[in-house]
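**Student:**
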Amino acid sequence: MPSKTNSGLAKDLSVGEVADRSGLAVSTLHFYESKGLITSWRTTGNQRRYSRDVLRRVAIIKVAQRTGVPLAAISEALKVLPADRSPTAQDWRKLSARWKEELDDRISKLTQLRDDLNGCIGCGCLSLKQCPLRNPDDEAHLHGPGARAFD
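Counting in UniProt numbering, the sequence shown runs from 1 upward without gaps.
(1) I'd like to check one pair, residue 37 with residue 61: are the Cβ atoms closer than 8 Å?
(2) Hey, is residue 47 close to the ligand MN, as in C-beta under 7 Å from one of its heavy atoms?
(3) List the residues that DSSP assigns as beta-bridge partners of residue 41.
(4) Where does residue 29 land, buried or exposed, given buried means 16+ other C-beta within 10 angstroms?
(5) Leaving aside the five residues before and after residue 77 along the sequence, list all residues of the same chain whose C-beta is less than 7 Å from its C-beta, in chain order.
(6) Name, in chain order, the residues that DSSP records as bridge partners for residue 14.
(7) For the region 9-18 against the region 52-60, do three or more pairs of beta-carbon atoms, one drawn from each stretch, fall closer than 8 Å, so that the two count as touching?
(8) Out of 93, 88 and 35, which has the shortest C-alpha to C-alpha gap to residue 75?
(9) Name the residue from 12, 43, 63 and 42 whose alpha carbon lies nearest to the alpha carbon of residue 24.
(10) In or out: residue 69 buried (at least 16 other Cβ within 10 Å) or exposed?
(11) Since residue 30 is in the alpha helix (DSSP H), which residue starts that stretch and which ends it?
(12) Is it buried or exposed, residue 27, if we count other Cβ atoms within 10 angstroms and call 16 or more buried?
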């Protein structure tokens with residue numbers, strides 16, 4: 001039988017309850033758990049149970065992902081949080097401060113890219129001599145596979 005809080009709410013949540021409350025698929029919660037972002041334990045009937053503070057952790061993960069913070073960086077940041085309580089507003093300020101500079105840099109680069117795209121879309125030529133988005137002499141191959149933006 002799940003333990004109760006002072007308000008009479010069940011203290012522990014099933015994976016389905018966490019999924020319903022967080023808006024995430026059960027498979028996403030299992031993935032987060034496999035990556036060490038959240039933790040659960042098993043009942044005697046082998047059912048997963050989560051403490052209520054997992055809802056706050058999941059909210060932090062969702063916000064961070066929405067802003068483009070890589071899952072590996074989220075994982076590192078969450079390691080500094082106490083495991084025995086919900087993250088507080090102060091905890092969130094510390095976490096978000098770690099990502100602010102990276103996000104500001106990304107915003108700056110995206111703004112520059114947007115402005116460059118407007119120029120290219122406006123002229124439509126994608127000139128090999130003037131286009132800032134081109135890859136002269138295949139320089140990008142030095143940086144590995146995948147698309148590359150030139151600063």
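Glycine included, C-beta positions come from ideal geometry on N, C-alpha and C.
On a predicted model such as this, the values are computed, not experimentally measured, just so you know.
**Tutor:** The short version:
(1) Contact: yes.
(2) Only the bare structure without any ligand can be found here, which leaves the ligand MN out of the picture.
(3) Under DSSP, residue 41 takes part in a beta bridge, and its partners are 49.
(4) buried
(5) 95 and 98
(6) 49
(7) yes
(8) 35
(9) 63
(10) Here residue 69 is buried, its C-beta having at least 16 other C-beta atoms within 10 Å.
(11) 26-34
(12) exposed
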